[in-house]
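Colleague: Starting off with a structure, shown below.
In the working numbering, the protein residues as written are 5 to 488.
What follows is the structure, given as structure tokens:
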């Protein structure tokens, strides 16, 4: 039975109120609807301590719309959570009652629970995450240690981007020292100095987009983007010299989000210094994804999110029935030296082997590569995306190498060989799995052999022979066919 669900999360933050609807496998849920309102509930917390108008009314109006939307979508699994703005505002209880009047029972998350959820959100996307998560919202900053698939040392600080201007005005040149002292007083970094820092939250993602603009990144995908720690200091200096004109060039960002980028950079500098962070890793998965992940039983949590997601996509695009698992088992004997990391990428590629079948024949290879590069995959870094893209590009008939990075030559050569093997398997099988049970691939130092049962020998045709020859050439071998 396919492990799927549809669930909606309404996230009432200090800067935005957002509805996200997820569908697909529970271990790798995909957003199918996402709407946010930048209402700034926490805009005046530092001065008045209250949720002020018009943000209050705009948020309640938005929640009314969200109630109708999820009802129209037929979704009954709806979770509504609120964080720092509602938690800290003197009229937060009034806001909760107003939300209840339009049909929402708000779960008010304490700072510790908010930190824990952000940590599990990172773990859901990076199962091997070992570092410190910093979740920067409009009203607060959460820090949490992640290691071994769990969280520890949960802290919350009133350092949200909507509060930092007031804090900077109050402390002047002592702003950075104030941040560092507060973090140190909470026991950070302790024994956890020198670890990677995983960055969560819209303002930090916006800062990462700015970094990609400045560095002209050729793979501008936010989730998994890695920044050197000195990049934050460089960006902070650059932002102090420039107006908002350059920031407004960032695609896909609202003006309200752009305005928080300088504040995010000003906080990140002392944060990195205090934690002695070794690198900065952006996570698009945060509190909302963490709430979903926490609900999963341990055996589901333990599944590989990349393989879960690609298998689900394979089921969706299959012409007949999914063949990815059977195909991977069929070609695996040719790649017995592959380690676990390469095995999972090859298996993911097999799941996606039919990705470009419905595309215009002239653009099938490009369509296949695009899916690998830009798909919403979890548990995969930028290098692995390139390897997956090369594999699918070759399997769909693309010629040559997609990337010229010399440091990747060995792995790209392997990906090219995987692609040739998948291309052979697709031609032989016609998109069905039955032939894999009555045929077998093997190789030695000289020959690549395709063996058939006598009853299946007729499956060997001219086109199959041609692709077998191409694979053999790619492996530096001679092709051979046997019938038993």
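We put the CB at the ideal spot given by N, CA and C, even for glycine.
(1) Near residue 379, which residues of its chain fall below 6 Å by C-beta distance, leaving aside the five closest residues on each side in sequence?
(2) Along the chain, which unbroken stretches of the beta strand (DSSP E) at least 3 residues long are found entirely within the region 89-168?
(3) Does the distance from the CB of residue 294 to the CB of residue 122 come in under 7 Å?
(4) If you drop the 5 nearest sequence neighbours on each side, which residues of the same chain put their C-beta closer than 8 Å to that of residue 232?
(5) Can you list, in chain order, the residues of its chain with a C-beta nearer than 7 Å to that of residue 437? Leave out the 5 residues immediately preceding and following it.
(6) Helix, strand or coil for residue 65, going by three-state DSSP, please let me know.
(7) Distance, Cα to Cα, residue 50 vs residue 89?
(8) Excluding sequence positions up to five away, which residues of its chain have a Cβ less than 8 Å from the Cβ of residue 5?
(9) Out of 224, 198, 53, state which residue places its alpha-carbon closest to the alpha-carbon of residue 91.
(10) What three-state label does DSSP hand residue 364 in the structure shown?
(11) Reducing DSSP to helix, strand and coil, say where residue 482 ends up.
(12) Near residue 39, which residues of its chain fall below 6 Å by C-beta distance, leaving aside the five closest residues on each side in sequence?
(13) Rounded to the nearest angstrom, how far is the Cβ of residue 45 from that of residue 66, given a contact under 8 Å?
(14) Going along the chain, which unbroken runs of the alpha helix (DSSP H) with 4 or more residues stay wholly within the region 297-343?
(15) Would you tell me roughly how many angstroms separate the C-alpha atoms of residue 26 and residue 163, rounded to the nearest one?
(16) Could you have a look at residue 357 and say whether DSSP puts it in helix, strand or coil?
(17) Taking the DSSP output, what are the residues bridged to residue 395?
(18) Quick one: is residue 246 buried, meaning 16 or more other Cβ sit within 10 Å of its Cβ, or exposed?
(19) For residue 57, which three-state DSSP category applies?
(20) Measure the alpha-carbon distance for residue 286 versus residue 397 and round it to whole angstroms.
(21) Between residue 376 and residue 402, how many whole angstroms is the CB-CB distance? I'm expecting something under 8 Å.
(22) Where residue 347 and residue 461 are concerned, what is the direct C-alpha to C-alpha distance, given to the nearest angstrom?
(23) According to DSSP, simplified to helix, strand and coil, what is residue 446?
(24) In chain order, which continuous runs of the beta strand (DSSP E) of length 3 or greater are located wholly inside the region 183-224?
(25) Look at residue 450 and residue 486 and say whether their C-beta atoms are less than 7 Å apart.
(26) Alpha carbon to alpha carbon, how far is residue 112 from residue 225?
(27) From this set, 270, 145, 108, 59, which residue's C-alpha is nearest residue 172's C-alpha?
(28) Closest to residue 47 by C-alpha separation, out of 142, 478, 424, 339, would be which residue?
(29) Distance, Cα to Cα, residue 207 vs residue 187?
(30) Under the assumption that residue 359 contacts residue 321 (Cβ atoms under 8 Å), give the Cβ distance between them as a whole number of angstroms.
(31) Please report the distance separating the alpha-carbon of residue 385 from that of residue 335.
(32) Report buried or exposed for residue 29, applying the criterion of at least 16 other Cβ atoms within 10 angstroms of its Cβ.
(33) Can you tell me which of 95, 36, 86 puts its alpha carbon nearest to the alpha carbon of residue 57?
(34) So residue 278 is in the alpha helix (DSSP H); what residue range does that whole segment cover?
(35) Give the secondary structure of residue 455 by DSSP, where H, G and I count as helix, E and B as strand, and everything else as coil.
Modeller: Let's see:
(1) Taking the first residue of the chain shown as 1, we reach residue 379 at position 375. Here the set comprises nothing.
(2) 110-112, 135-140, 145-151, 154-161
(3) As a working mapping, residue 294 is identified with position 290 in the chain shown. As a working mapping, residue 122 is identified with position 118 in the chain shown. Cβ distance < 7 Å, so residue 294 and residue 122 count as in contact.
(4) If you number the chain shown from 1, residue 232 lands on position 228. Counting only Cβ-Cβ distances below 8 Å, and skipping sequence neighbours, we find 283, 284.
(5) Locating residue 437 in the chain shown gives position 433, counting from the first residue. The residues are 325, 327, 330.
(6) If you number the chain shown from 1, residue 65 lands on position 61. Looking at residue 65 - three-state DSSP - the assignment turns out to be helix.
(7) Walking along the chain shown from the start, residue 50 turns up at place 46. Walking along the chain shown from the start, residue 89 turns up at place 85. Each residue's alpha carbon lies about 10 Å from the other.
(8) Counting from 1 along the chain shown, the entry for residue 5 is found at position 1. In this prediction, residue 5 scores a pLDDT of 40, lower than 50, which makes its location untrustworthy; the coordinate-derived value is nonetheless stated afterwards. If we look at residue 5 and ignore the five residues flanking it on each side, it has no Cβ neighbours.
(9) The residue labelled residue 91 in the question sits at position 87 within the chain shown. Put simply, of 224, 198, 53 the residue whose alpha carbon is nearest the alpha carbon of residue 91 is 53.
(10) As a position in the chain shown, residue 364 is number 360, starting the count at 1. Here residue 364 sits in coil by DSSP.
(11) Translated into the one-based positions of the chain shown, residue 482 becomes position 478. Per DSSP, reduced to three states, the secondary structure at residue 482 is strand.
(12) For this step, residue 39 is matched to residue 35 along the chain shown. If we look at residue 39 and ignore the five residues flanking it on each side, its Cβ neighbours are 23.
(13) Within the chain shown, the letter at position 41 stands for residue 45. Within the chain shown, the letter at position 62 stands for residue 66. Not quite, the Cβ-Cβ distance comes to about 11 Å (not below 8 Å), so this is no contact.
(14) 302-305, 309-321, 328-335
(15) By one-based count along the chain shown, residue 26 stands at place 22. By one-based count along the chain shown, residue 163 stands at place 159. Taking the straight line joining both Cα atoms gives about 30 Å.
(16) For this step, residue 357 is matched to residue 353 along the chain shown. Three-state result, residue 357: coil.
(17) Position 391 of the chain shown holds residue 395. Note: residue 395 sits in no beta bridge, so no partner.
(18) Walking along the chain shown from the start, residue 246 turns up at place 242. Exposed, by the Cβ-count rule.
(19) Numbered from 1 along the chain shown, position 53 holds the residue referred to as residue 57. Residue 57 falls in the coil class under three-state DSSP.
(20) Residue 286 sits at position 282 when you count from the first residue of the chain shown. Residue 397 sits at position 393 when you count from the first residue of the chain shown. Straight-line Cα distance between these residues: approximately 27 Å.
(21) Here residue 376 refers to the residue found at position 372 when the chain shown is read from its first residue. Here residue 402 refers to the residue found at position 398 when the chain shown is read from its first residue. The pair is not a contact, with the Cβ atoms about 12 Å apart (cut-off 8 Å).
(22) Position 343 of the chain shown, counting from 1, holds the residue named residue 347. Position 457 of the chain shown, counting from 1, holds the residue named residue 461. If I take the Cα positions, the gap works out to 29 Å.
(23) Locating residue 446 in the chain shown gives position 442, counting from the first residue. Strand at residue 446.
(24) 201-204
(25) Position 446 of the chain shown, counted from the first residue, corresponds to residue 450. Position 482 of the chain shown, counted from the first residue, corresponds to residue 486. Against a cut-off of 7 Å, the Cβ pair of residue 486 and residue 450 comes out as no contact.
(26) Your numbering for residue 112 matches position 108 in the chain shown. Your numbering for residue 225 matches position 221 in the chain shown. Straight-line Cα distance between these residues: approximately 32 Å.
(27) Counted from its first residue, the chain shown places residue 172 at position 168. Selected option, being the one with the closest Cα: 270.
(28) Here residue 47 corresponds to residue number 43 of the chain shown, with the count starting at 1. When each option's Cα is compared against that of residue 47, the closest is 142.
(29) For this step, residue 207 is matched to residue 203 along the chain shown. For this step, residue 187 is matched to residue 183 along the chain shown. Rounded to the nearest angstrom, the two C-alpha atoms are 20 Å apart.
(30) Within the chain shown, residue 359 is the residue found at index 355, counting from 1. Within the chain shown, residue 321 is the residue found at index 317, counting from 1. Indeed, because the Cβ distance is near 6 Å, the residues count as touching under 8 Å.
(31) Reading the chain shown from its first residue, position 381 is the one you call residue 385. Reading the chain shown from its first residue, position 331 is the one you call residue 335. When rounded, the distance between both Cα atoms is 24 Å.
(32) Here residue 29 refers to the residue found at position 25 of the chain shown. Residue 29 comes out buried.
(33) One-based indexing of the chain shown puts residue 57 at position 53. Of 95, 36, 86, the residue nearest in Cα terms is 95.
(34) Within the chain shown, the letter at position 274 stands for residue 278. Per DSSP, residue 278 belongs to the alpha helix (DSSP H) from 265-279.
(35) The residue you call residue 455 lines up with position 451 of the chain shown. Three-state result, residue 455: strand.
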